[in-house]
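Asks: Please find one structure pasted underneath; my questions will follow.
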Amino acid sequence: MDHAQTRHYDGNCYCGSFRFKLFLTSEITRAISCTCGVCTKKAYLWLSPPEGSFEMTKDDGRLVEYDSGVLVDKFCDHCGTGVVGKHRKGPLEGKFLVNVRAIQGVNPFRIEYDILPYLNCTIYMKDN
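Those letters in the sequence shown? Residues 1 to 128, by full-length UniProt numbering.
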């Protein structure tokens with residue numbers, strides 16, 4: 001991607017162990033809210049950036065991967081911030097996703113989002 005014609009965003013986990021840059025052709029004004037159990041529980045708001053627009057700038061090796069069978073998400077094992085993910089099923093299957101809440105300068109309460117229903121996922125709670 002030619003970065004000269006793009007808008008640059010910085011992003012990171014809360015503690016800064018993982019940092020990235022996004023190069024997009026326009027301002028972030030919309031996000032995707034998936035209703036699968038993991039996305040709902042973790043309050044993810046996703047952006048599906050074009051290929052080549054995501055650049056990792058710092059990785060202290062703290063990102064861990066969790067595979068729920070529906071979503072493979074990566075989050076910091078120190079601060080817990082969810083950073084990126086890829087759905088294995090549902091309407092976002094196979095897409096690389098960035099958590100909008102981890103992008104600096106984007107207020108998640110001031111953007112619009114599209115709700116993608118995921119009907120075949122349940123959050124299971126154990127009875128104590």
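For each residue, glycine too, the CB sits at the ideal point set by N, CA and C. Keep in mind that this is a model prediction, so the values were computed, not measured.
Mind listing, in chain order, the continuous alpha helix (DSSP H) runs of no fewer than 4 residues lying wholly within the UniProt domain "CENP-V/GFA" (9-119)?
Replies: Fully enclosed alpha helix (DSSP H) runs of 4 or longer: 37-42.
Asks: What residue from Gly16, Asp10 and Tyr9 has the CA that sits closest to Asp77's CA?
Replies: With distances taken between Cα atoms, Asp77 lies closest to Gly16.
Asks: Looking at Phe23: is its Cβ nearer than 7 Å to the Cβ of Ser48?
Replies: No, they are not a contact pair.
Asks: Alpha carbon to alpha carbon, how far is Val84 from Lys58? Give it in angstroms, no decimals.
Replies: So the alpha carbons of these two residues sit roughly 14 Å apart.
Asks: Excluding sequence positions up to five away, which residues of its chain have a Cβ less than 7 Å from the Cβ of Arg101?
Replies: Cβ within range, chain order: Leu45 and Pro108.
Asks: Closer than 8 Å is the cut-off here; do at least three beta carbon pairs connect the region 7-14 with the region 22-36?
Replies: Verdict: yes, contact present.
Asks: Considering only residues of the same chain and omitting the five flanking positions on each side of Lys89, which have a CB-CB separation below 7 Å?
Replies: If we look at Lys89 and ignore the five residues flanking it on each side, its Cβ neighbours are Val70.
Asks: With burial defined as no fewer than 16 other Cβ atoms inside 10 Å of the residue's Cβ, what is the status of Ile115: buried or exposed?
Replies: Looking at its Cβ environment, which holds fewer than 16 other Cβ atoms inside 10 Å, Ile115 is exposed.
Asks: Please report the straight-line C-alpha distance between Pro91 and Lys41, rounded to a whole angstrom.
Replies: C-alpha separation (whole angstroms): 18 Å.
Asks: Let me know if Lys74 comes out buried or exposed under the rule of 16 or more other beta-carbons within 10 Å of its beta-carbon.
Replies: Answer is buried; the Cβ neighbour count reaches 16.
Asks: Check Lys126 in the structure and name its three-state DSSP category.
Replies: Since pLDDT at Lys126 reaches only 44, below the 50 mark, its modelled position is unreliable, and the value read off the structure follows with that caveat. In this structure, Lys126 counts as coil in the three-state DSSP scheme.
Asks: Can you list, in chain order, the residues of its chain with a C-beta nearer than 7 Å to that of Cys13? Leave out the 5 residues immediately preceding and following it.
Replies: Answer for Cys13: Cys76, Cys79, Thr81, Val83 and Ala102, listed in chain order.
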